[in-house]
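Each residue of the sequence shown is one higher than the last, beginning at 8 in our numbering. Even for Gly, the Cβ is constructed at its ideal location relative to N, Cα and C. Remember, predicted model here, so these are calculated numbers, not experimental data.
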Amino acid sequence: MVSGNPAAPARPPLPATAGVVFNIQRFSLHDGPGIRTVVFLKGCPLACPWCANPESINPGIERLLDPSTGETTLAGQTRTLAEVVKECEADRPFFEQSGGGVTVSGGEPMMQHAFTTALLQELRQRGIHTAMESTGQVAPQLFDRALSHLDYLLMDVKHHDRKAHKAWTGSYNDLPLCNLSRALKRGIRTQVRIPVIPGVNDTLADAAGFSALLHALGIGHVQLLPFHQFGERKYALLGRPYRMAGVAALHPEDLSDYRDVMVHAGINAFF
Ligand code: SF4
């Protein structure tokens, strides 16, 4: 794993048969086609200040402390592959009715590449549609292994400018774009998304920059994800500063000019 996140401590690799999971969310409608069960894995090589799941960044199991009540909860649990597959299998009727399946997310699921690849392989062998939500910040040969068992890829492109990408996330966008190209060349159905963040990538010049980048990649549609502050409270529970405190949330109507720039450039941008 290529990490730009100096805060992420090293953790001995888990075998492919076990992973550190921080949530399994059922009945999701926003993480790929149909009704999906989303398996959230711990660990991320990036460090985006707007991260809505800050408990996903550290690859280890963490304790969250509510300073107002003194109550603690754990973020992360070691789960076996068999346990996770069994939990996903319980939702098979919903997958079959809706054209859904399982999405492996994070953090960055490829931080636990052996577990993620084994999970995708097992699910697909059972006839369950597989999706992965990835930053693409992973060595291409590892990414390729996961792609071999993947039906659908969700990838955020966080900045069109490589220096700005590094300044905001800790890493250049070279690897994510390289891996995105590889997925597209393999014909994997892919949904690219742009988290639009005030002061980071929300100007009309940014919209034009993203449009040019997407054109160069041969991508004609993109989902815009307006900034929100849903994760703010978790920073307090983790005892970490929230760098986006006081930054106003964005709504689709705030981004109509932004979207128009992309549409006029030939990119089908939607919310
Ligand atoms: S890539 Fe995603 S999970 Fe990782 S720090 Fe950024 S927003 Fe959070």
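What separation, rounded to the nearest whole angstrom, lies between the Cα atoms of residue i and residue j?
i      : j      : result
Val91  : Pro61  : 22 Å
Thr87  : Gly67  : 15 Å
Ala54  : Gly77  : 27 Å
His228 : Thr24  : 36 Å
Pro100 : Met162 : 27 Å
Ala89  : Glu96  : 10 Å
Gly143 : Gly39  : 17 Å
Phe237 : Ala255 : 12 Å
Ala272 : Ser218 : 6 Å
Lys93  : Lys49  : 20 Å
Lys241 : Ala153 : 30 Å
Ile274 : Asp264 : 13 Å
Lys165 : Leu184 : 11 Å
Thr124 : Val270 : 36 Å
Trp57  : Ile64  : 12 Å
Asp181 : Arg247 : 29 Å
Pro133 : Val203 : Sequence check: residue 133 is Arg here, not Pro. For Arg133 and Val203, the distance between alpha carbons rounds to 37 Å.
Ala171 : Asn208 : 9 Å
Leu36  : Ala59  : 18 Å
Gly41  : Pro205 : 31 Å
Leu126 : Ile135 : 11 Å
His222 : Tyr179 : 19 Å
Under the assumption that residue i contacts residue j (Cβ atoms under 8 Å), give the Cβ distance between them as a whole number of angstroms.
i      : j      : result
Asp109 : Thr210 : What sits at residue 109 in the sequence shown is Val, not Asp. Not quite, the Cβ-Cβ distance comes to about 37 Å (not below 8 Å), so this is no contact.
Arg33  : Asp98  : 6 Å
Asp158 : Thr137 : 5 Å
Val27  : Gly83  : 5 Å
Glu69  : Ser112 : Wrong, their Cβ atoms sit about 18 Å apart, outside the cutoff.
Leu160 : Ile201 : Rounded, the Cβ-Cβ distance is 15 Å, inconsistent with contact.
Once the 5 residues before and after residue i are set aside, which same chain residues still bring their CB inside 8 Å of it?
i      : result
Leu191 : Thr197, Leu224, Gly225, Ile226
Asp261 : Pro233
Val268 : Leu211, Ala214, Ala215, Ser218
His258 : Pro233
Ala14  : With a pLDDT of 45 at Ala14, under the threshold of 50, the predicted position of this residue should be treated as unreliable, though the coordinate-derived value follows. Excluding positions up to five away in sequence, the list reads Ala54, Ile64, Asn65.
Arg189 : Pro147, Phe150, Asp151, Leu154
Leu71  : Glu62, Thr79, Thr80, Leu81, Ala82, Lys241, Leu244, Leu245
Are the C-beta atoms of residue i and some chain D residue less than 8 Å apart?
i      : result
Leu224 : Of the chains in the structure shown, none is chain D; there is only one protein chain.
Excluding sequence positions up to five away, which residues of its chain have a Cβ less than 6 Å from the Cβ of residue i?
i      : result
Gln128 : His156
Ile31  : Val46, Glu94
His167 : Gly216, Phe217, Leu220
Glu239 : Tyr249
Ignore the nearest five residues each way along the sequence and tell me which others in residue i's own chain have a CB closer than 7 Å to its CB.
i      : result
Leu149 : Met117, His120
Ser10  : Per-residue confidence for Ser10 stands at a pLDDT of 49, beneath the threshold of 50, marking its modelled position as unreliable; no derived number is given.
* Asked: Which ranges would you report for the alpha helix (DSSP H) in the region 159 to 230 if only whole runs of at least 4 residues count?
  -> Counting only runs of 4 or more, we get 169 to 176, 181 to 192, 211 to 224.
* Where in the region 80 to 131 do unbroken runs of the alpha helix (DSSP H), each at least 4 residues long, occur, reported from the N-terminal end onward? -> 88 to 96, 99 to 105
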